[in-house]
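Have a look at the structure below, then the notes.
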Amino acid sequence: MDKDLEKGLERVYEDVATYEGIVQMLEENPSDMNHIHLPLAKNVIRQHQRTIDCVMNGKPLAASYFTNAPEIFTAMDIHWYHAIAQAFAGGIENPHMMDDLEALSDMPIASDVCTLLRLTLFYLDAGVLPKPTMIVPLIEPCDGVLGLHEAVRNHKAWRGIPFFTPDPPYYDDERSIDYFADELERMVEFLEKHSGQKLDMNRLREVVEMTNKQYALWVEYNELRRAVPCPHGHILAMACFGLVQTEGSGGYPEHIQWYQDMIVDAEKRIKENNPEVPTQKIRILWFDVQPIWFNDLAPWMEQEWGVIVVMCMFGYAPYTQIDTSSDRSIFKGLAKRNLIDPPMVRQARGIADNFLHDIEGLVEDYKIDCVIVPGHMGHKDGSASISLMRETCRGIDVPFLYIGVDQFDRRYTTIDEIKDKISTFFTAMGLG
Amino acid sequence: MDSKIDSSVLKEFSEIARMLANPTIDDWKKQGGNVIGYYCTSMPVEILTAAGCLPFRIRGTGSTDTDFSDACFSSINCSFVRHSFNVALSGGFDFLDGIIVLNNCDNVRRVYDHWRRRLKTPFVQIMSLPRKTEEAQVVWFRDEISNLIKALEEQFKVNITDEKLSDAIKHHNTTRRLQRDLYEFRKMDDPPITGAETLATTVASTAMPGELYNQKLTTLLNELKSAKGHKEYRARLMVLGGELENPAFMEVIEGQGGLIVTDSLCFGTRMFWREIEEGEDDPLTAISRFYISERPSCPRVFGKYEDRSGFVKNMIKDFKVDGVILERLTFCDPWGFEQFTIKNEFDDWNIPLLMIDRDYTLSGVGQLKTRVQAFLEAMGGK
Chain A
807 MDKDLEKGLE RVYEDVATYE GIVQMLEENP SDMNHIHLPL AKNVIRQHQR
857 TIDCVMNGKP LAASYFTNAP EIFTAMDIHW YHAIAQAFAG GIENPHMMDD
907 LEALSDMPIA SDVCTLLRLT LFYLDAGVLP KPTMIVPLIE PCDGVLGLHE
957 AVRNHKAWRG IPFFTPDPPY YDDERSIDYF ADELERMVEF LEKHSGQKLD
1007 MNRLREVVEM TNKQYALWVE YNELRRAVPC PHGHILAMAC FGLVQTEGSG
1057 GYPEHIQWYQ DMIVDAEKRI KENNPEVPTQ KIRILWFDVQ PIWFNDLAPW
1107 MEQEWGVIVV MCMFGYAPYT QIDTSSDRSI FKGLAKRNLI DPPMVRQARG
1157 IADNFLHDIE GLVEDYKIDC VIVPGHMGHK DGSASISLMR ETCRGIDVPF
1207 LYIGVDQFDR RYTTIDEIKD KISTFFTAMG LG
Chain F
31 MDSKIDSSVL KEFSEIARML ANPTIDDWKK QGGNVIGYYC TSMPVEILTA
81 AGCLPFRIRG TGSTDTDFSD ACFSSINCSF VRHSFNVALS GGFDFLDGII
131 VLNNCDNVRR VYDHWRRRLK TPFVQIMSLP RKTEEAQVVW FRDEISNLIK
181 ALEEQFKVNI TDEKLSDAIK HHNTTRRLQR DLYEFRKMDD PPITGAETLA
231 TTVASTAMPG ELYNQKLTTL LNELKSAKGH KEYRARLMVL GGELENPAFM
281 EVIEGQGGLI VTDSLCFGTR MFWREIEEGE DDPLTAISRF YISERPSCPR
331 VFGKYEDRSG FVKNMIKDFK VDGVILERLT FCDPWGFEQF TIKNEFDDWN
381 IPLLMIDRDY TLSGVGQLKT RVQAFLEAMG GK
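Chains A and F are the protein sequences, given in the same order.
Residue numbers for the first sequence follow the working numbering, beginning at 807 and rising by one.
Residue numbers for the second sequence follow the working numbering, beginning at 31 and rising by one.
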């Protein structure tokens, strides 16, 4: 096998080994929540093994994203992997992170650019990304992802690999959905051309019906999180949603099973008044993605302050149910689902009102006591919206904290500094 | 670097570049004209001209602090946006009758959100600019322009006909042609105009009535024919980057002995190196195609890197460039990634490249001087 291709799989093998350990741990300790997560962990391994198989056997492999209509990839039996997710290895901090960050500082790219995106470029430079046969980049919701993918497709390691990306308009109206649906149809033409595999609309319908079920269950589960006390802690709110989304999210039975099990467990906990976090005093909306260092912060918030992270940006994505009555209705449904609904994209792609409407709705629906915006250094549009978020929170009389962090580099604002800011805030606001 | 030409036109252009509201705008307003602000080279200014309005490109010229805009933007946002919006909040753009923002970048697009909440400008619009350059995007942007026309017609009680659009295309093409003629002088071994003077000239085109500008630029071009050239420079330089409209930045570079002979800048060649196709049946499609796929792109556009690097390479050849300065405003993500990719090209081309991250204001002059001096010395300049 080509040495470069082999090197590109090194970290995939490492992730597989990590998740095999997790599976073993979950199987040996089936109590409490562990049995629920077992299928998810197994699916991560299965997806990674598919990546290995594609690279080793020259099968079509796409570097793509969960916002590029993964249902289409599933229906066409084209495997894809989430290149940016290398840094968090399917939900867990990459064990090489500190070394990678050190090496990253030697690359000729400005340090004020999002660390996660710079890391992805570093992985490509270092040859540790599996080489795809097609690139389906993400060019929203921020300038950084567009810049990254323009750099990626022109990088000597991947130059010449066919690419296509659907172009997302700035609005949410019917005209935008039609336009984006057309773009998705053009994406299918691209995938057919470069994979040699045809899209069977009946198969796509089946997959979409499965994701309809999956996303209906997600909405149902999220409604259960409105309960006081909230049935589950932060891990369920965030990490697993990320895992479902980034690991072949387009219609897998394991995902449906996971949501069903989560709902059963949540209902049971509500009925028995047995929340996973027993001492809940402060219900917070964590309005951003989960930082890789969150496991160093969230348990502290729970124990020290009785915090329960009721909802976050990644956990809240009320995906649209898709009308499967015609081919066009499927594409339009997928357009809406991928343009308007996905976490992060739903808030950051368009006008600032998207952030504000979500905050208003979530605070009311989830009985939020305070909103914390960690403020990732890469989220320039979010930083430019902080004042509007603060005003919105003031208008609905809920305390608001903006921190200023690097979600992927714990040196930017240390955990101790973050804890200090949170403690000061809770004290000043009379919370806890 | 001293000027080689004693031109009242050039002095006027330089004055206009040094201020925001200027006497030509005052005159325009006194005659009942409307002025519409916009933020980027991708704004189809032909539409505003056809509506009888004066297009005014937003700058933060003269701003020294961001006290007001810091309440809206954070310290990790682009300093151009923070300064220009500070000017807006301070009343510096009160002469505008409207503002049009495109989703150009993560910083600029948020200007729309703040502007419509915090200022009383009567006409505030956002336009959705595609990030790709294929036919579908041309069609999309044509519709965007069409919607803008309806909004302008309603707001300003005007009728924007195809004939007016065709006239506006011709007018702006004339401006572009004249500006390219200006650059022809810069190809000479001893160009009669500096980079700072050229930038002032192109900036002025975004801040004064177009007919007047074209007349004055024609005069300047005639004056340049008999002007003496600069012979004493140490190297011929190109400046590459995004938002840069302060001639003083160029003056600092040229003060070290490097003569700037060309650029790829938002206020430079990317405005005028191509023209809109005249005589197309549908002027809106011609305008849309120009802005989406024909004019030189910036890194905000996906899939066109090869064209951008080809454009730079041609400039280097055509203008006999010895070295390139790539300037980037700190916190600009598209140019951040472009720096990474294009640096490797320069290594392959064997052309010296100096990469400078800077603040919108000219706050680090000493450091800039030192870096340019070192760059010129490393190049072995005269």
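Glycine is no exception: its CB is placed at the ideal position from the N, C-alpha and C atoms.
Residue pairing for A:C1176: DSSP places it in a beta bridge opposite A:I1090. Residue contact check for F:G353 against chain A: no CB pair falls below 8 Å.
Residue pairing for F:G128: DSSP places it in a beta bridge opposite F:I66. Here A:L1145 is not bridged, per DSSP, to any residue.
DSSP places F:L384 inside the beta strand (DSSP E), whose first and last residues are 383 to 388. One thing to note: A:Y977 has its Cβ within 8 Å of the Cβ of A:G1156. At a cut-off of 8 Å between C-beta atoms, A:S911 does not count as an interface residue with respect to chain F. Between F:D127 and F:I66, the C-beta spacing is below 8 Å. Per DSSP, reduced to three states, the secondary structure at F:V154 is strand.
Counting only runs that start and end inside the stretch 841 to 885 of chain A, the beta strand (DSSP E) elements of at least 3 residues fall at 867 to 869. In terms of beta-carbon proximity, A:S870 stays away from the interface with chain F, with every pair separated by 8 Å or more.
Rounded to the nearest angstrom, the gap between the Cα atoms of A:N1008 and A:P1149 is 28 Å.
Residue burial is scored here from C-beta neighbours: F:S176 has fewer than 16 other C-beta atoms within 10 angstroms and is therefore classed as exposed. Restricting attention to alpha helix (DSSP H) runs no shorter than 4 residues, the stretch 261 to 337 of chain F encloses them at 277 to 285, 299 to 302, 313 to 319, ordered along the chain. Taking 8 Å as the cut-off, the beta carbon of F:T371 is found closer than this to the beta carbon of F:Y335.
By the neighbour-count criterion, in which 16 or more other beta carbons inside 10 Å mark a residue as buried, A:M1183 falls on the buried side. With distances taken between CA atoms, F:Q403 lies nearest to F:L384 out of F:F376, F:D348, F:L384, F:S323. Under the three-state reduction of DSSP output, A:V1116 falls in the strand class.
With a threshold of 8 Å between beta carbons, A:V1177 makes no contact with chain F.
For A:H1000, not one C-beta of chain F is nearer than 8 Å to its own C-beta. At the C-beta level, A:A869 and A:I884 stay beyond 8 Å of one another. With a cut-off of 8 Å on Cβ pairs, the stretch 220 to 227 of chain F is in contact with the stretch 31 to 48 of chain F, counting three or more such pairs. Cα atoms of A:E1029 and A:I1146: separation of roughly 20 Å, rounded to the nearest angstrom.
Interface annotation, F:F361: in contact with chain A, CB-CB separation under 8 Å. Taking C-beta atoms under 8 Å as the contact rule, F:A80 and F:I190 qualify, at a distance of about 5 Å.
Residue range 84 to 87 is occupied by the beta strand (DSSP E) that includes F:P85. In the DSSP annotation of this structure, F:G353 is not part of any alpha helix (DSSP H); the continuous beta strand (DSSP E) holding it starts and ends at 353 to 359. Using a CB distance cut-off of 8 Å, A:E989 counts as an interface residue toward chain F.
Only residues of its own chain outside the window of five on either side were considered, and among them D352, G353, V354, F376, F405, A408, M409 have a CB closer than 8 Å to the CB of F:P382, listed in chain order. Interface with chain A (8 Å Cβ-Cβ cutoff): F:Q286 is excluded. The distance from the Cβ of F:T204 to that of F:N244 is about 6 Å, consistent with a contact at the 8 Å cut-off. Between A:V1014 and A:I1136, the C-beta gap is smaller than 8 Å, which places the two residues in contact.
For A:L907, no CB of chain F lies under 8 Å from its own CB, so it is not counted at the interface with that chain.
Distance between A:Q1066 and F:F115, taken at the CA atoms: about 50 Å.
DSSP places A:L910 outside any beta strand (DSSP E); the residue lies instead in the alpha helix (DSSP H), whose first and last residues are 903 to 910. A Cβ-Cβ distance of about 6 Å is found for the pair A:A909 and A:F928, placing them in contact under the 8 Å criterion.
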